[in-house]
Structures are given as C-alpha cells and as structure tokens.
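Colleague:
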Amino acid sequence: MGVMHRDLKPENFLFVNSEEDSALKAIDFGLSVFIEEGKVYREFVGSAYYVAPEVLGRSYGKEADVWSAGVILYILLCGAPPFWAETEKGIFDAILEGHVDFKSSPWPSITQAAKDLIKKMLTWDPKLRITAADALEHPWLKVDGEASDKPIDNAVLSRMKQFGAMNKMKKLALKVMAENLTEEEIKGLRQMFNNMDTDRSGAITFEELKTGLQRLGSKLSESEIQQLMEAADVDKSGQIDYIEFIAAMINRHKLQKEENLLKAFQHFDKDNNGFITREELKQAMTEYGVVDEASIDEIIDDVDIDKDGNINYEEFVTMMTRGIKDPDVKER
1 MGVMHRDLKP
11 ENFLFVNSEE
21 DSALKAIDFG
31 LSVFIEEGKV
41 YREFVGSAYY
51 VAPEVLGRSY
61 GKEADVWSAG
71 VILYILLCGA
81 PPFWAETEKG
91 IFDAILEGHV
101 DFKSSPWPSI
111 TQAAKDLIKK
121 MLTWDPKLRI
131 TAADALEHPW
141 LKVDGEASDK
151 PIDNAVLSRM
161 KQFGAMNKMK
171 KLALKVMAEN
181 LTEEEIKGLR
191 QMFNNMDTDR
201 SGAITFEELK
211 TGLQRLGSKL
221 SESEIQQLME
231 AADVDKSGQI
241 DYIEFIAAMI
251 NRHKLQKEEN
261 LLKAFQHFDK
271 DNNGFITREE
281 LKQAMTEYGV
291 VDEASIDEII
301 DDVDIDKDGN
311 INYEEFVTMM
321 TRGIKDPDVK
331 ER
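Residue numbers (full-length UniProt numbering): 1 to 332.
1. Under a Cβ-count criterion, where at least 16 other Cβ atoms within 10 Å of its own Cβ denotes burial, should Val40 be classed as buried or exposed?
2. Three-state secondary structure (DSSP) at Ala247?
3. Taking the CB atoms as reference points, tell me whether Gly70 and Met121 lie closer together than 8 angstroms.
4. Taking buried to mean at least 16 other C-beta atoms within 10 Å of its own C-beta, is residue 379 buried or exposed?
5. Taking only three categories from DSSP, how would you classify Lys33?
6. Using only CA atoms, which one of Pro82, Met319, Asp271 and Glu280 lies nearest to Ser104?
7. From the DSSP output, in three-state form, read off Asn312 for me.
8. Between Glu36, Asp269, Ser237 and Met160, which has its C-alpha nearest Ser218's C-alpha?
9. Could you give the DSSP three-state label for Phe193: helix, strand or coil?
10. Once you ignore the five residues that flank Ile311 on each side, which residues in its own chain have a CB closer than 6 angstroms to its CB?
11. What residue does the alpha helix (DSSP H) around Phe265 start on, and which one ends it?
12. Helix, strand or coil: which one does DSSP assign to Ile152?
13. As a quick exercise: from Leu174, Ser32 and Thr87, pick the residue whose alpha carbon is nearest that of Gly61.
14. Cα-Cα, which of Phe29, Ala80, Glu222 and Arg58 is closest to Gly2?
15. What are the boundary residues of the beta strand (DSSP E) that Ala26 is part of?
16. Considering Cα atoms alone, identify which of Lys210, Lys142 and Pro108 is closest to Ile225.
17. Between which two residues does the beta strand (DSSP E) carrying Leu14 extend?
18. According to the neighbour-count rule (16 or more other Cβ atoms, all chains shown, within 10 Å of its Cβ), is Ala247 buried or exposed?
19. What's the C-alpha gap between Glu258 and Glu315?
20. So for Phe92, helix, strand or coil by DSSP?
21. So does the stretch 87 to 105 actually touch the stretch 132 to 141, counting three or more Cβ pairs closer than 8 angstroms?
22. Alpha carbon to alpha carbon, how far is Pro301 from Met169?
23. Could you check what DSSP says for Asp241 in three-state terms: helix, strand or coil?
24. Check Ala203 in the structure and name its three-state DSSP category.
25. To the nearest whole angstrom, what separates the beta carbons of Pro53 and Leu96, a pair I think is in contact under 8 angstroms?
26. Would you mind working out which of Leu128, Val100, Met285 and Asn260 sits nearest Tyr313, comparing C-alpha positions?
27. Can you give me the Cβ contacts of Phe245 inside the same chain, cut-off strictly under 6 angstroms, excluding the 5 residues immediately before and after it?
28. Take Ala135 and list the residues in its own chain whose beta-carbon comes closer than 8 angstroms to its own, dropping the five residues that flank it on each side.
29. I'd like the span of the alpha helix (DSSP H) that includes Trp67, first residue to last.
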C-alpha cells in the first residue's frame, strides 16, 4: 500500500537542511490518501497548474501524482508552467487540451532524454502514462544516466538579457504592463523576486542579484551582472524594484494580449488621439530619467515605420511583439 499525495507542487517540497547534498522531503499531506488498488477517486483536489486532466474529470487514481510531478519537472527545466492562462478556468481548459510546448527556448537546448521523460509523465491518458516506478528507472533519472551535468539556460538570466537588448520605450511599456497585472498572474514571479530580495527591502541590490544568479548556476562576470542590473533598473535608482523585476521577467505571451498592449500605449498617448507624438514620448520617458534627445530620436526612428514623425498603435504593437519567439540554440 502506498500514498497518493494529491497536491504535489514545488511549495510542498523542502530541504532537510542547508547543505548542498541535503535530502528533499515532501510535506503537507493534508489531501493525501492511502492508495486502494482499483479504487476510483472523485474528489476535486490539488492546485490549478499541477492538477491532472482526469482529476478535472473527477475519476482518477495514483497516476495523477505522476502528472503533477511532470509539471514540476517541466517548470524546473524552463521556468514556466506547461499549461498557462489568465484565469483558473483557462488553465483547466489548457490542461484538458493537453498541448505541451517543447519548441520555445530553452527547450531546444535541453536533452531529448529529459523531454522524453516529461512527455511520458504528461501523457494525457492515465492508462498510458508512465508509472512512478518506471519513471525512476528512466535513463534521464538513473545515476550515471543521460542527464547533462551542464547548467540549463536559466529563465531569469535569459529574460534579463532579452530585456537588456530592448529599447527604452519598450522597457517602460513593459513596466506599465507589469503595474497592471493581477496578483494571480504574477504569483510565481513574486516568489522569484522574494528569493533574490533576501533582506526584504522591496528592491534587489547588485549583491543580491549576483548571489541569486550564482545560486541558479550563472557564471557571469561582475561586469556582465552590472550590465544586467543597469538594463533592468529602468528608473536608474541603483536597484531593481519589484515592478522593474516583473517587467523584465514578464512572460512574453502577455505581450500579445490586447488589453495589456492598449494600456501601455495609452500611457504614452497622453491626449488619446491614437498617436504618440515626439513630445508625448519625451514626456513619458522624462518621468523615468531618459531626457537626452538622441535617445528619443533613436526610438522614433526605430518604431515609426511610416516615417510620419508619430508612433501609431500598429507601430507600437509591432515594436512590442517583435522578437517574442525565443531563438533556438544548439542542444547540449
């Protein structure tokens, strides 16, 4: 007889101590049950991102825990959940649809063995899903198996690098978007921020960013970390505040949401005439310490496709959605 946890998620795993090789323990067995072979469970339990499709159908067994573990593994390797939406209902719909993205970065750089295991754990039909015992025997999990010992591309690092490459207008627009996201949308990012903001000051210092990136496997030099710091520090305060961090980390598919794009555009379009003039752009950028004329000219030259001296909504959307698809990199 075994135990079905029924609420597996990262928050329910803790290290025994602070040692590097500390054992990992599952906690919070409040929803767990002893497994009765052949019994069908019908209670709806679990957490939205991690719940198995058969749990949504209220007819499930021990296979549901394997699904949840597969979701956790997916998140650990890429930094984002496989099934995402703005609402809980949307998340459930995505789970029932069952499509899992293995094309966006960093998946092209992750081994086939890792992807194979996740696909088997996230098999929609529980009868065809890999068992927990077989998962432990998978080549990617076995000692001396096929798992790479190279650090994976970290979501925090890759998104901060992308943010650093954006023009100042796009950075400010992302900050406006971040200010309008709901707590539910940024719950995971809040935890990520808190993990770096170790003194709980509400802002990430250079030393905290350096320590946080090192903990995630980064090998960046101090000068490279300083460049990331300056890129994310939109208001040039010398620290990365919460909203700036969210702006840099925001999942890129949110850039395609009309409501978010419109709010960001209206932040610049002060008179709501459908165009961002040079003066309106200058006014908005001045609020965040960007006052040099050369930067304003550079932004307009880059974004103003029809060269009429203004930025219309279509041009703004083109700028915001440019480069959403992460570039593929060679698999390790």
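Ideal placement from N, C-alpha and C gives every residue a C-beta, glycine not left out.
Modeller: Judging by the given coordinates:
1. Counting Cβ neighbours within 10 Å, Val40 comes out exposed, since fewer than 16 surround it.
2. Ala247: helix per DSSP, three-state reduction.
3. Yes, Cβ-Cβ distance for Gly70 and Met121 is below 8 angstroms.
4. Missing from the structure shown is residue 379; the chain here goes from 1 to 332 and no further.
5. Lys is not the amino acid found at residue 33; the sequence shown has Val there. Taken through DSSP and simplified to helix, strand or coil, Val33 comes out as strand.
6. That would be Pro82, whose Cα lies nearest to the Cα of Ser104.
7. In the structure shown, the three-state DSSP call for Asn312 is strand.
8. Closest by alpha carbon: Met160.
9. Three-state result, Phe193: helix.
10. Non-local beta-carbon contacts of Ile311 in its own chain, meaning distances under 6 angstroms to residues more than five positions away in sequence, involve Ile276, Val303 and Asp304 in chain order.
11. Bounds of the alpha helix (DSSP H) holding Phe265 are Glu258 to Phe268.
12. Caution applies to Ile152, whose pLDDT of 49 falls short of 50 and renders its modelled position unreliable; the model cannot decide the point.
13. The shortest C-alpha separation from Gly61 is found at Ser32.
14. Nearest C-alpha to Gly2: Phe29.
15. Segment Leu24 to Ala26, the beta strand (DSSP E) holding Ala26.
16. Ranking the options by Cα distance to Ile225, first place goes to Lys210.
17. Note, Leu14: beta strand (DSSP E), Phe13 to Phe15.
18. So Ala247 counts as buried.
19. Put simply, the backbone Cα of Glu258 is about 14 angstroms away from that of Glu315.
20. The answer is helix: DSSP assigns Phe92 an H, G or I state.
21. No: fewer than three Cβ pairs fall under 8 angstroms.
22. One detail in the question is off: residue 301 reads as Asp in this sequence, not Pro. Distance between the alpha carbons of Asp301 and Met169 is about 12 angstroms.
23. Strand.
24. The DSSP-derived three-state label of Ala203 is strand.
25. The pair is a contact, with the Cβ atoms about 5 angstroms apart (cut-off 8 angstroms).
26. Looking at Leu128, Val100, Met285 and Asn260, the one whose alpha-carbon comes closest to that of Tyr313 is Asn260.
27. If we look at Phe245 and ignore the five residues flanking it on each side, its Cβ neighbours are Phe193.
28. Cβ contact annotation for Ala135 (same chain, cutoff 8 angstroms, sequence separation greater than five): Val66, Ala69, Leu117, Lys120, Met121 and Leu141, in chain order.
29. Counting along the chain, the alpha helix (DSSP H) containing Trp67 begins and ends at Glu63 to Cys78.
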